[in-house]
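> Got a structure here, written out as structure tokens. Questions coming.
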Amino acid sequence: MGYTDIYCVICGTSTHKYYSSNLEDLKTLLDQGKYRIPLKSKLSKKEKEIEPKLADNYKKFIKDINKVKSKFNWCNKTCLITDKKVIKIDNKFYQDDNGGFEKESEYYNTLKYLWDTSDRALICHQSCYKLLEKKSNYKLKIDDVANKLNDKSLLKSYGKIVDKYTGHQDFKWIWFILNVSPFNSFERLLNDKKKLKISKNIDFLMDPLKNKNNENRILKIWKSYNTKKKKREYQWVYQNLFLHPPKVGLFIDII
Numbered sequence: 007m008g009y010t011d012i013y014c015v016i017c018g019t020s021t022h023k024y025y026s027s028n029l030e031d032l033k034t035l036l037d038q039g040k041y042r043i044p045l046k047s048k049l050s051k052k053e054k055e056i057e058p059k060l061a062d063n064y065k066k067f068i069k070d071i072n073k074v075k076s077k078f079n080w081c082n083k084t085c086l087i088t089d090k091k092v093i094k095i096d097n098k099f100y101q102d103d104n105g106g107f108e109k110e111s112e113y114y115n116t117l118k119y120l121w122d123t124s125d126r127a128l129i130c131h132q133s134c135y136k137l138l139e140k141k142s143n144y145k146l147k148i149d150d151v152a153n154k155l156n157d158k159s160l161l162k163s164y165g166k167i168v169d170k171y172t173g174h175q176d177f178k179w180i181w182f183i184l185n186v187s188p189f190n191s192f193e194r195l196l197n198d199k200k201k202l203k204i205s206k207n208i209d210f211l212m213d214p215l216k217n218k219n220n221e222n223r224i225l226k227i228w229k230s231y232n233t234k235k236k237k238r239e240y241q242w243v244y245q246n247l248f249l250h251p252p253k254v255g256l257f258i259d260i261i
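Residue numbers (our numbering): 7 to 261.
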């Protein structure tokens, strides 16, 4: 099957360190000073020289990315939400290629379609979990969302911007930052003479405990889930303690 990128169930972005082979490819193209002309579904054997002004813009973009990439380090600080506890993922965990995490005798899988093969779990950024706990007084439980998740343990939507890039086998870091199609190449951008600039999308790759735009996006997503959970709890209390009250002695024990 090959390597699969794992996404945070809370915010919908990658749970791995920033990486981009795309930028290495771009550096190679700039060093060569030319690129292969893109066709509909592949690259032509014919080559075209890169215009000097466009080359300068692309070199500046690489420098701009290198200045901010350290701000993505929070993405690699993650935790597992299991049926019994929340576990911080450290370097003692072994991660396999398909969402599985193993430590000593414990093995969890974070992809819903593989939950029947091991103990189930959800993965999220530590910052995202803390955000819901701090701002919404909510501690995420698997049962709260199990029937709302797809096979990759993701919600239906994380906002129209993030939805374009989440769930792919590998997270499209650079295309996300540029706000272009996730199915792209620098050859196509060069051929379209498109200048590169970091877009506002970058807010959604920042720590939500430090970035207000990302905080607001995440809280908006989870507001409905938290509201529904509280409503279910209220209905249980109303039905069991008011419509069908227990005997006095039992009621005293519960209190």
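Heads up, the beta-carbon is just placed ideally off N, CA and C, and yes, glycines get one too.
Taking DSSP as the reference, what is the three-state secondary structure of Asn-104?
Here residue 104 refers to the residue found at position 98 of the sequence shown. It is coil, neither helix nor strand.
> Ile-183: beta carbon under 7 angstroms from a heavy atom of the ligand HEM?
Looking for the ligand HEM in the displayed structure turns up nothing, as the structure carries no ligands at all.
> So Asn-104 packs on Leu-117, CB below 8 angstroms; how close in whole Å?
Numbered from its first residue, the sequence shown carries residue 104 at position 98. Numbered from its first residue, the sequence shown carries residue 117 at position 111. The pair is a contact, with the Cβ atoms about 6 angstroms apart (cut-off 8 angstroms).
> Which first and last residues belong to the alpha helix (DSSP H) in which Ile-68 is found?
Walking along the sequence shown from the start, residue 68 turns up at place 62. Run containing Ile-68: 58 to 74, per the alpha helix (DSSP H) assignment.
> For a quick check, are the C-beta atoms of Ile-16 and His-174 less than 8 angstroms apart?
The residue given as residue 16 occupies position 10 in the sequence shown. The residue given as residue 174 occupies position 168 in the sequence shown. Not in contact: Ile-16 and His-174 (Cβ atoms no closer than 8 angstroms).
> Does the distance from the CB of Arg-126 to the CB of Asp-89 come in under 8 angstroms?
The residue you call residue 126 lines up with position 120 of the sequence shown. The residue you call residue 89 lines up with position 83 of the sequence shown. Taking 8 angstroms as the Cβ cut-off, Arg-126 and Asp-89 qualify as a contacting pair.
> Give the range of the alpha helix (DSSP H) segment to which Cys-134 is assigned.
Locating residue 134 in the sequence shown gives position 128, where the first residue counts as 1. Here the alpha helix (DSSP H) through Cys-134 covers 132 to 142.
> Tell me where the alpha helix (DSSP H) around Ile-167 begins and ends.
Along the sequence shown, read from residue 1 onward, the residue named residue 167 stands at position 161. Start and end: 166 to 169.
> Would Glu-53 pass as a contact of Arg-42 if the rule is Cβ separation under 8 angstroms?
The sequence position of residue 53 within the sequence shown is 47, counting from 1. The sequence position of residue 42 within the sequence shown is 36, counting from 1. Yes, the Cβ-Cβ distance between Glu-53 and Arg-42 is below 8 angstroms.
> Leaving out five residues before and five after Pro-44 in sequence, what residues of the same chain have Cβ atoms less than 8 angstroms from its Cβ?
For the purposes of this step, residue 44 is identified with residue 38 of the sequence shown, where counting begins at 1. For Pro-44, where only same-chain residues beyond five positions count, the Cβ hits under 8 angstroms are Ser-50, Ser-191, Glu-193, Arg-194, Asn-197.
> Less than 8 angstroms between the C-beta atoms of Phe-177 and Ser-20, yes or no?
By 1-based counting over the sequence shown, the position of residue 177 is 171. By 1-based counting over the sequence shown, the position of residue 20 is 14. Yes.
> Looking only at DSSP bridge pairs, what is Arg-223 linked to?
Taking the first residue of the sequence shown as 1, we reach residue 223 at position 217. None, per the DSSP bridge assignment.
> Return the residue from the list Ser-26, His-22, Leu-29, Ala-61 that minimises the CA-CA distance to Lys-40.
What you label residue 40 is simply residue 34 of the sequence shown in a count that begins at 1. Selected option, being the one with the closest Cα: Ala-61.
> Is the Cβ-Cβ distance between Leu-160 and Tyr-114 less than 8 angstroms?
Counting from one through the sequence shown, the residue named residue 160 turns up at place 154. Counting from one through the sequence shown, the residue named residue 114 turns up at place 108. Not closer than 8 angstroms, so no.
> Between the C-alpha atoms of Asn-217 and Lys-229, what's the straight-line distance to the nearest angstrom?
Position 211 of the sequence shown, counted from the first residue, corresponds to residue 217. Position 223 of the sequence shown, counted from the first residue, corresponds to residue 229. Near 18 angstroms, if we compare the C-alpha coordinates of Lys-229 and Asn-217.
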